[in-house]
Ligand code: HEC
Ligand code: HEC
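Numbering (our numbering), first residue to last: 156 to 490.
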């Protein structure tokens with residue numbers, strides 16, 4: 156944590172050689188360090204506000220039907236709430252959309268791609284990607300800039316967010332603003348967090364007992380650290396046809412069916428589960444781990460589920476700062 160804070164100071168220091176940006180207020184509880192921020196995309200309130208509008212804007216999709224928020228809904232802790240959310244024109248999806256709580260701390264990003272290191276770069280996948288098509292903007296980068304700059308509301312937001320680039324409206328600046336907004340999607344106020352900060356009463360006895368089972372059963376070897384993920388790839392079950400996971404990127408046989416350990420923050424709200432959304436409930440997801448099947452009783456699974464419920468942060472899913480802005484620029488999301 157201290158390292159992250161030091162790196163942030165360094166990042167801001169480098170980027171702000173000419174005019175130091177005002178320190179960003181992360182609104183973090185005591186003892187939680189801020190996430191790393193790339194030196195060339197320092198945080199600012201104006202950038203975050205722009206990113207939030209863009210996150211809810213369906214004009215980022217080719218036919219104006221899909222916003223980021225269509226597949227990343229706040230009430231589902233910014234997951235989709237369905238197993239596989241189709242892309243534009245009902246293009247079938249391959250994978251389940253993960254929640255975005257504390258995504259600023261995660262690297263690599265996505266289920267099975269070690270090259271996805273930063274939020275700025277990840278955006279190309281939904282906006283421009285073709286396997287699968289999500290927002291369908293491949294080859295239409297200039298169209299995004301055209302649509303956004305046609306709107307006076309956006310022109311003033313870009314001007315406030317990117318004074319050093321004279322308010323340039325482009326896919327690149329839009330992506331930087333989106334990444335800045337995503338970095339603010341912080342979830343540190345679940346009963347689990349409050350108990351760790353010394354509020355013993357925040358955690359129910361069931362959840363406390365469940366955490367003991369969670370650790371005894373070895374869950375925390377992979378679901379470790381503050382976000383309950385080691386950020387590493389593991390094979391937990393025989394791969395299913397059609398998705399070879401990490402092997403698709405590395406071509407190594409031992410990576411067949413390996414996926415990144417998902418964070419368990421707000422997991423009670425992020426179902427359906429697993430990379431393909433094949434587990435409708437948390438218990439099914441637990442029993443989908445081959446190693447867990449032999450060792451866990453139904454009682455153990457119930458105890459663990461009670462613990463996992465303590466990772467639900469109501470403040471996160473109800474925080475108006477993350478919601479659809481009351482006054483949107485561009486085209487509001489349509490579903
Ligand atoms: C059609 C649905 C859809 C849309 C629209 C969409 N996403 Fe996603 N998102 C997904 C899916 C599916 C994944 C997982 C992809 C994978 O791992 O292969 C994902 C993964 C992510 C991740 C990685 C999260 C993690 O835990 O590593 C981020 C960040 C993200 N999306 C942000 C965005 C942003 C920002 C937008 C808008 C520009 C967006 N998404 C639009 C479906 C969508
Ligand atoms: C060897 C590492 C490892 C261990 C040990 C492990 N998990 Fe997982 N867990 C994963 C991976 C990898 C996935 C994603 C697999 C996939 O999508 O195919 C996952 C998925 C999950 C999910 C679904 C989350 C989501 O958002 O889709 C839950 C819930 C879960 N694990 C809970 C547990 C519990 C409880 C235990 C202990 C009984 C446990 N895990 C042990 C690696 C592990």
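C-beta atoms are modelled at their ideal positions from N, C-alpha and C, and glycine is treated no differently.
Near ligand 1: residue i beta-carbon under 7 Å from a heavy atom
{"i": "residue 416", "result": "no"}
{"i": "residue 460", "result": "no"}
{"i": "residue 405", "result": "no"}
{"i": "residue 475", "result": "no"}
{"i": "residue 264", "result": "yes"}
{"i": "residue 269", "result": "no"}
{"i": "residue 253", "result": "yes"}
{"i": "residue 210", "result": "yes"}
{"i": "residue 307", "result": "no"}
{"i": "residue 292", "result": "no"}
Counted within 10 angstroms of its Cβ, other Cβ atoms place residue i as buried (16 or more) or exposed
{"i": "residue 253", "result": "buried"}
{"i": "residue 228", "result": "buried"}
{"i": "residue 366", "result": "buried"}
{"i": "residue 408", "result": "exposed"}
{"i": "residue 246", "result": "exposed"}
{"i": "residue 337", "result": "buried"}
{"i": "residue 454", "result": "exposed"}
{"i": "residue 481", "result": "exposed"}
{"i": "residue 308", "result": "exposed"}
{"i": "residue 234", "result": "buried"}
{"i": "residue 464", "result": "buried"}
{"i": "residue 281", "result": "buried"}
{"i": "residue 432", "result": "buried"}
{"i": "residue 293", "result": "exposed"}
{"i": "residue 387", "result": "exposed"}
{"i": "residue 489", "result": "Unreliable placement is indicated for residue 489, whose pLDDT of 46 sits below 50; no coordinate value is reported for it."}
{"i": "residue 452", "result": "exposed"}
{"i": "residue 446", "result": "exposed"}
{"i": "residue 477", "result": "buried"}
{"i": "residue 406", "result": "exposed"}
{"i": "residue 475", "result": "exposed"}
{"i": "residue 348", "result": "buried"}
{"i": "residue 197", "result": "buried"}
{"i": "residue 328", "result": "buried"}
Beta-ladder partner(s) of residue i, from DSSP
{"i": "residue 434", "result": "428"}
{"i": "residue 400", "result": "413"}
{"i": "residue 388", "result": "415"}
{"i": "residue 225", "result": "In the DSSP output, where bridge partners are listed per residue, residue 225 has none listed."}
{"i": "residue 285", "result": "288"}
{"i": "residue 234", "result": "228"}
Check: residue i C-beta below 7 Å from any heavy atom of ligand 2
{"i": "residue 429", "result": "yes"}
{"i": "residue 389", "result": "yes"}
{"i": "residue 367", "result": "no"}
{"i": "residue 422", "result": "yes"}
{"i": "residue 220", "result": "no"}
{"i": "residue 472", "result": "no"}
{"i": "residue 226", "result": "no"}
{"i": "residue 248", "result": "no"}
{"i": "residue 444", "result": "yes"}
{"i": "residue 280", "result": "no"}
{"i": "residue 261", "result": "no"}
Near ligand 4: residue i beta-carbon under 7 Å from a heavy atom
{"i": "residue 376", "result": "For the structure depicted, ligand 4 is absent and the ligand set comprises only ligand 1 and ligand 2."}
TODO: Entirely within the region 332-385 and at least 4 residues each: give me those alpha helix (DSSP H) ranges in chain order.
DONE: Entirely contained in the region 332-385, the alpha helix (DSSP H) runs reaching 4 residues are, in chain order, 346-351, 360-371 and 374-377.
Task: Sufficient close CB pairs (3 or more, under 8 Å) joining the region 360-373 to the region 212-219 - done: no
Open item on the list: When you compare the region 422-433 with the region 230-247, are there three or more beta-carbon pairs, one atom per stretch, that lie closer than 8 Å?
Closed with: yes
- [ ] Spell out a yes or no on whether the region 284-303 and the region 263-270 are touching, meaning 3 or more CB-CB pairs, one atom from each, closer than 8 Å.
- [x] no
Open item on the list: I'd like to know if the region 454-474 and the region 334-348 are in contact, where contact means that at least 3 CB-CB pairs between them fall below 8 Å.
Closed with: yes
Open item on the list: Ignoring anything shorter than 4 residues, give me the alpha helix (DSSP H) runs that lie fully in the region 301-329, in order along the chain.
Closed with: 307-316
- [ ] Scan the region 174-217 and note each continuous alpha helix (DSSP H) run of 4 residues or more that stays entirely inside, going in chain order.
- [x] 200-210
Task: Given 8 Å, three or more beta-carbon pairs between the region 387-395 and the region 355-363 - done: no
Task: Cβ contact (3+ pairs, closer than 8 Å) linking the region 310-317 and the region 201-208 - done: yes
Task: Contiguous alpha helix (DSSP H) assignments of at least 4 residues, all confined to the region 438-462 - done: Within the region 438-462, the runs of alpha helix (DSSP H) that reach at least 4 residues and sit entirely inside it are, in chain order, 445-450.
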